[in-house]
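Order-wise, the sequence lines are chains A, B, C and D.
All the letters of the first sequence, read from the start, carry residue numbers 5 to 133 under this note's numbering.
All the letters of the second sequence, read from the start, carry residue numbers 5 to 133 under this note's numbering.
All the letters of the third sequence, read from the start, carry residue numbers 5 to 133 under this note's numbering.
All the letters of the fourth sequence, read from the start, carry residue numbers 5 to 133 under this note's numbering.
Structure record follows, encoded as structure tokens.
4 protein chains.
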Amino acid sequence: MNERVTGPGEPTLEALQARLVDFAAARRWEPFHTPKNLSAALSVEAGELLEIFQWLTPEQAAEVMSEPERAHRVRDEVADVLAYLLQFCTAVGVDPLAVLAAKIERNEHRFPVPDGSADVNPEVDDQPL
Amino acid sequence: MNERVTGPGEPTLEALQARLVDFAAARRWEPFHTPKNLSAALSVEAGELLEIFQWLTPEQAAEVMSEPERAHRVRDEVADVLAYLLQFCTAVGVDPLAVLAAKIERNEHRFPVPDGSADVNPEVDDQPL
Amino acid sequence: MNERVTGPGEPTLEALQARLVDFAAARRWEPFHTPKNLSAALSVEAGELLEIFQWLTPEQAAEVMSEPERAHRVRDEVADVLAYLLQFCTAVGVDPLAVLAAKIERNEHRFPVPDGSADVNPEVDDQPL
Amino acid sequence: MNERVTGPGEPTLEALQARLVDFAAARRWEPFHTPKNLSAALSVEAGELLEIFQWLTPEQAAEVMSEPERAHRVRDEVADVLAYLLQFCTAVGVDPLAVLAAKIERNEHRFPVPDGSADVNPEVDDQPL
């Protein structure tokens with residue numbers, strides 16, 4: 005199911021973040037890229053991704069990538085969410101990989117792996133990620 | 005302003021995405037991690053990031069990281085947004101770096117760099133990212 | 005399923021909208037209640053309502069009001085969404101009842117009632133409301 | 005600034021809520037109108053309202069209704085948000101006016117009116133609505 009083919013041409017997150025900085029600078033968009041505006045734009049794009057799924061049954065949602073038009077929209081919205089998240093991180097000086105690594109470590113302590121076979125239901129107030 | 009210190013210990017996006025897969029598997033959370041649920045969770049977390057900024061003036065928002073409690077919340081919500089975005093990408097088999105690279109290329113053609121010195125206002129229907 | 009008991013004491017939407025104006029004025033909150041801030045706050049609260057449902061199966065979601073703690077959260081978030089929507093309408097001078105009535109009329113023409121018995125699937129690009 | 009002209013023809017919130025029930029029933033859309041789907045749709049529409057404001061300065065946002073195309077979008081998105089909120093309330097059996105009235109009363113106690121002339125800043129952890 006995974007389309008990733010990592011190769012010599014695969015850009016890193018840092019490279020894409022830098023490219024977005026250049027992209028905005030060349031078009032003189034920095035004045036609009038305030039932390040407040042970018043957090044709003046990120047939320048708007050996340051809503052557009054959710055829109056694709058809002059009326060789908062769980063079964064239809066699981067097949068979303070087998071329909072080319074929807075699959076294109078999904079890829080497009082993922083790109084938009086990631087772009088605004090990186091631009092937000094640039095604007096506030098946060099390293100997205102470092103904060104995620106730190107959060108996963110906190111959560112590994114906060115949510116110890118259950119030994120037994122009991123079902124764990126994340127919606128009962130204990131879903132971290 | 006940038007806190008990133010890239011070094012040998014810096015995790016890659018791919019490594020963190022894989023770690024999130026293991027994290028969810030160990031806690032048996034995969035049944036909840038459907039594309040529909042994860043797109044909802046992503047949108048909810050983006051809203052929590054926006055919440056930090058909703059009443060701030062542009063000036064206050066620009067200083068958000070100089071206040072420790074708010075800076076901590078910002079880092080925490082960035083981590084949550086990125087975590088759900090990566091888990092969503094795993095669930096639908098999308099490579100986040102590849103789709104962002106492709107989108108930037110499309111946008112470089114769609115929004116050519118202006119030669120002159122005219123101000124470009126992204127809110128006039130031409131802001132891609 | 006409906007808890008509404010309309011009586012002489014039932015407030016109207018207009019009365020509640022006016023009360024919210026007084027509430028904000030008494031606390032000198034008007035400077036924060038700009039259209040931009042209020043649309044952000046509305047989106048944040050809608051996200052908090054969605055958060056209640058994000059991990060629930062359709063079956064669990066249908067039973068959400070039978071669990072007192074969740075039912076309380078649902079009522080609370082509905083109140084917050086409606087409050088910000090009304091405050092936004094005050095800020096921009098829009099009559100929420102008039103615009104909804106106009107939209108329903110447009111949609112009655114846009115989505116004619118099917119004569120036959122065919123299933124109508126709103127997710128196939130034709131869901132207006 | 006307020007366009008409301010309340011008259012004998014002004015529909016009530018209850019009348020519009022009932023009309024939305026009939027609208028969905030005539031088109032057989034009830035199966036899609038689950039609480040979970042409607043809370044997602046509400047969040048998506050709130051995002052579309054926010055999108056209008058995301059790049060605007062506070063000054064531009066204050067003038068949003070003086071530009072006809074934007075004013076139309078604002079009215080349209082307000083209608084969509086209110087429609088989904090009412091349909092959500094129908095689905096879970098919540099009275100939107102009653103829960104808002106109750107919340108305002110709670111907040112009047114929670115946020116007493118300051119006697120003095122000190123500025124009150126709602127973003128300092130004490131903004132209820």
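Here a beta-carbon is modelled for each residue, glycine too, at the ideal position from N, C-alpha and C.
Quantities reported herein were computed from a predicted structural model and do not represent experimental measurements.
- For the 7 angstroms CB-CB criterion, residue 90 of chain B and residue 20 of chain A do not form a contact.
- Taking the C-beta atoms as reference points, residue 25 of chain A is found no nearer than 7 angstroms to residue 69 of chain B.
- The beta carbon of residue 54 of chain A falls within 7 angstroms of a beta carbon belonging to chain D, placing the residue at that interface.
- Rounded to the nearest angstrom, the gap between the Cα atoms of residue 52 of chain B and residue 47 of chain C is 10 angstroms.
- With a cutoff of 7 angstroms on beta-carbon distance, residue 36 of chain C and residue 59 of chain B are scored as near each other.
- For residue 86 of chain D, the enclosing alpha helix (DSSP H) covers residues 72-96.
- Using a Cβ-Cβ cut-off of 7 angstroms, residue 95 of chain C does not count as an interface residue toward chain A, since no Cβ of chain A sits closer than that to its own.
- Residue 87 of chain B reaches chain A at 104, 107, 108, 133, counting residues in chain order whose Cβ is nearer than 8 angstroms.
- In the three-state DSSP reduction, residue 46 of chain D falls in the helix class (H, G or I).
- A Cβ of chain B is located within less than 7 angstroms of the beta carbon of residue 45 of chain C.
- By the neighbour-count criterion, in which 16 or more other beta carbons inside 10 Å mark a residue as buried, residue 117 of chain C falls on the exposed side.
- Note that the C-beta distance between residue 15 of chain D and residue 101 of chain C is below 7 angstroms.
- If the five residues before and after residue 28 of chain C are omitted, its C-beta is found closer than 8 angstroms to the C-beta atoms of 34, 37, 91, all from its own chain and listed in chain order.
- Under the three-state reduction of DSSP, residue 37 of chain D is assigned to coil, being neither helix nor strand.
- Looking at the backbone, the Cα of residue 114 of chain C and that of residue 77 of chain B are separated by about 45 angstroms.
- Just so you know, the alpha carbons of residue 83 of chain D and residue 106 of chain C end up roughly 8 angstroms apart.
- Linking residue 57 of chain A to residue 30 of chain C through their CA atoms gives a straight-line distance of about 42 angstroms.
- Using a Cβ distance threshold of 7 angstroms, residue 55 of chain B and residue 88 of chain B do not count as a contacting pair.
- Separation of residue 62 of chain D and residue 109 of chain B (C-alpha to C-alpha, rounded to the nearest whole angstrom) is 32 angstroms.
- In the assembly as shown, residue 71 of chain A is an exposed residue. Its beta-carbon has fewer than 16 other beta-carbons within 10 Å.
- For residue 109 of chain A, the enclosing alpha helix (DSSP H) starts and ends at 100-114.
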